[in-house]
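Numbering (our numbering), first residue to last: 858 to 1180.
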């Protein structure tokens, strides 16, 4: 493995020095939609890391994690940013896929409420009196929230809502708690809500969003994959070293966000290390994600699907591509 890392590193350095600016690789990355949590991708684009690594990136929005993988399978995109367990689901359907980098490491959902009568919750059993708004099934948010209820022997009390509607449901007293992402969590707290629980605290490391591609892409053009993971590593380094500058860059994409809210959102994300410090996916994070899919019946038991993870590119990026 050490020899492979050295070889990949030398290849990467050679490729970066020899490839001319006019010889940029044009690629398409598919994503669910524009999410603040995908900051490593956006910073890599807007800070110029992809460009420095001779890659011209276009983004296409798909509207769903499974649709993102379908875009990769169809050739509409070469890479996808989505729930990586869909690669395991695809394998059960006879479709080959590969996860080559970590993008979001940990369950990035927080339960928020405007009611002062609801205390902070650290034991899922304390959810028994509350109705919770989540994104629709079969989203990861819905699946995890349902799992929290069931693990405590509770009947799930969930109301489903599309992204952008959950806080409105909370304001209308249709639910007691809304399970939200950042920056919506910080927007809610700025308006008087408080955080009831953190899913990262409850679930720990969890491979919830990764960079996926076809095995043929990785085998036919490993240099391209190396330069992409290099760009993402440089982006992650920048985010952790320069959070204030990161906020200013992200706010050019998320123009509706108040700077104060954006700072609070990024601070919460970095404090809980929802954005990873490297692109390497740990075995424990992957197995946690797979276990959940097996618990809800999306995958058969008895397999860990670790062969679908290729950390070699991100491992090289850690040593060779630091910001």
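Cβ coordinates follow ideal geometry from the N, Cα and C atoms, glycine included.
Please read these numbers as outputs of a predicted model, since none were measured by experiment.
* Asked: How is the beta strand (DSSP E) around residue 1128 delimited, first residue to last?
  -> Boundaries around residue 1128 are those of the alpha helix (DSSP H), 1116-1128, since no beta strand (DSSP E) includes it.
* Heavy atom of the ligand ADP less than 8 angstroms from the Cβ of residue 891, yes or no? -> Of the ligands one can find in the structure shown there are none, so the ligand ADP has no counterpart to examine.
* Enclosing alpha helix (DSSP H) for residue 1011 [first to last residue] -> In this chain, residue 1011 is not harboured by any alpha helix (DSSP H), its DSSP state being neither H nor E.
* Using the C-alpha atoms, what's the distance from residue 1037 back to residue 999? -> Approximately 11 angstroms, taken between the alpha carbons.
* Asked: How would you label residue 949, buried or exposed, when you count the other beta carbons within 10 angstroms and need 16 or more for buried?
  -> Around the beta carbon of residue 949, fewer than 16 other beta carbons sit within 10 angstroms, so the residue counts as exposed.
* When the Cα atoms are used, what is the spatial distance from residue 1062 to residue 1137? -> One C-alpha to the other measures close to 12 angstroms.
* If you run the structure through DSSP and keep just helix, strand and coil, what is residue 913? -> It is a strand residue.
* Enumerate, from N- to C-terminal direction, the unbroken beta strand (DSSP E) stretches of 3 or more residues contained entirely within the stretch 986-1049. => Counting only runs of 3 or more, we get 989-991, 1015-1017, 1034-1037.
* Asked: Where does the unbroken alpha helix (DSSP H) through residue 929 begin, and where does it stop?
  -> From DSSP, the alpha helix (DSSP H) with residue 929 extends over 922-931.
* Start-to-end residues for the beta strand (DSSP E) that takes in residue 1069 -> First-last of the beta strand (DSSP E) with residue 1069: 1064-1070.
* Asked: Comparing alpha-carbon positions, which option in 901, 929, 902, 881 lies nearest residue 1073?
  -> Distance from the Cα of residue 1073 is smallest, within the candidate group 901, 929, 902, 881, for 929.
* To do: Answer with buried or exposed for residue 863, where buried requires no fewer than 16 other C-beta atoms within 10 angstroms of its C-beta.
  => With a pLDDT of 42 at residue 863, under the threshold of 50, the modelled position of that residue is not reliable, and the figure given next carries that caveat. Answer is exposed; the Cβ neighbour count stays below 16.
* Whole-Å CB distance - residue 889 paired with residue 925, under 8 angstroms assumed -> Going by Cβ atoms, the distance from residue 889 to residue 925 rounds to 6 angstroms, so yes, they are a contact pair.
* Roughly how many angstroms separate the alpha carbons of residue 1021 and residue 896, rounded to a whole number? -> One C-alpha to the other measures close to 19 angstroms.
* To do: Tell whether a beta-carbon distance below 9 angstroms holds between residue 995 and residue 1153.
  => In this structure, residue 1153 lies closer than 9 angstroms to residue 995 by Cβ.
* To do: Could you tell me the distance, in whole angstroms, from the CA atom of residue 1122 to the CA atom of residue 1161?
  => Distance between the alpha carbons of residue 1122 and residue 1161: 33 angstroms.
* Check whether the Cβ atoms of residue 1049 and residue 987 lie closer than 9 angstroms to each other. => In this structure, residue 987 does not lie closer than 9 angstroms to residue 1049 by Cβ.
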